[in-house]
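With the numbering used here as the guide, the letters of the sequence shown map in order to residues 135 to 347.
Glycine included, each C-beta is placed from N, C-alpha and C at the ideal position.
Report on the structure given below.
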Amino acid sequence: MFDLSSKTKVNRRFRPTELYKLMAADKDVKADAKGISSVVLMNVLSQDTMNVPAGDKVKEIYIFDIELSSKTIPALFISSLDKAINLHTLFVLRFNDERMLYGCYKEKTEKGVKLGKYYSTDWTKAQTPISLPLNVFSMDDIYTAIIDELIPIAAKQNETTSDFVARYDLIRKLKFEIDKKQRQVDNERQSKKRFELNDELKKLKEQLAILEN
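Printed below as a string of structure tokens:
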């Protein structure tokens, strides 16, 4: 799905048993993987393959292609594989002629790899490859661009990946609170209380506007 240089291509196919050993997979992970037809490491993005300097946080990005026998996402299998790989990742899920991008913001800490929430695109028909931005300064910027594809808002200029993901999560939380507050306003019959709730709703919407712009 990405328009990448041939230098990034690996196309290494893994046997399930190889990955189970790497992941120390338990029976639940193995059961979750039953809908997987194949796992292929398609691309490795790095300083050498992208001609982009390594970032402060991101050195390499592994792009995996996972072919499925149904549209059921093997979330447990993917998160277990993600934890076992001490690098940044993206998963391209395939079912027939449809594709989905799936991944999480992955952060290295002193205690190891920390996985954030998983995000995904919708299932779509195979289409024109996605071009990564050319005006990047490091692999950190490449990673932000990839996460940008998974999240339905755009990253701001010079916004770090962690700040971008945190902003999106806060936007989702605020939208939930706004919907809840709107229902309270609609159901309130006492005029004074309704006025107070409307004022709270207005403030939440102002916070949302700041985050979205």
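Buried or exposed, going by whether 16 or more other CB atoms sit within 10 Å of the CB of residue i?
i, result
"residue 128", "Since the displayed the chain opens at 135 and closes at 347, residue 128 lies outside it and no answer follows."
"residue 289", "buried"
"residue 139", "exposed"
"residue 208", "buried"
"residue 287", "exposed"
"residue 284", "buried"
"residue 260", "exposed"
"residue 278", "buried"
"residue 159", "buried"
"residue 310", "exposed"
"residue 206", "exposed"
"residue 352", "Since the displayed the chain opens at 135 and closes at 347, residue 352 lies outside it and no answer follows."
Can you grab the Cα-Cα spacing for the pair residue i / residue j, in whole Å?
i, j, result
"residue 179", "residue 165", "31 Å"
"residue 344", "residue 335", "15 Å"
"residue 177", "residue 314", "43 Å"
"residue 144", "residue 241", "24 Å"
"residue 254", "residue 325", "43 Å"
"residue 181", "residue 197", "15 Å"
"residue 330", "residue 269", "48 Å"
"residue 191", "residue 320", "46 Å"
"residue 263", "residue 184", "17 Å"
"residue 141", "residue 162", "36 Å"
"residue 155", "residue 247", "19 Å"
"residue 271", "residue 337", "37 Å"
"residue 280", "residue 340", "29 Å"
"residue 276", "residue 308", "28 Å"
"residue 224", "residue 273", "14 Å"
"residue 328", "residue 347", "28 Å"
"residue 212", "residue 175", "13 Å"
"residue 294", "residue 323", "45 Å"
Based on the DSSP secondary-structure assignment, which residues constitute the bridge partners of residue i?
i, result
"residue 178", "196"
"residue 239", "In DSSP, residue 239 forms no bridge with anything."
"residue 253", "237"
"residue 264", "136"
"residue 224", "197"
With DSSP run on the structure shown, which of helix, strand or coil describes residue i?
i, result
"residue 329", "helix"
"residue 186", "coil"
"residue 143", "strand"
"residue 305", "helix"
"residue 229", "strand"
"residue 244", "coil"
"residue 172", "strand"
"residue 259", "strand"
"residue 219", "coil"
"residue 148", "strand"
"residue 346", "helix"
"residue 112", "Missing from the structure shown is residue 112; the chain here goes from 135 to 347 and no further."
"residue 271", "coil"
Between residue i and chain C, is any beta-carbon pair separated by less than 8 Å?
i, result
"residue 140", "Structure shown: chain C not included; a single protein chain is present."
Q. Should the stretch 195–210 be called in touch with the stretch 166–173, which here means at least 3 C-beta pairs below 8 Å?
A. yes
Q) Are at least three pairs of beta-carbons, each pair with one atom in the stretch 227–235 and one in the stretch 139–155, less than 8 Å apart? A) no
Q | Sufficient close CB pairs (3 or more, under 8 Å) joining the stretch 215–232 to the stretch 301–320 | A | no
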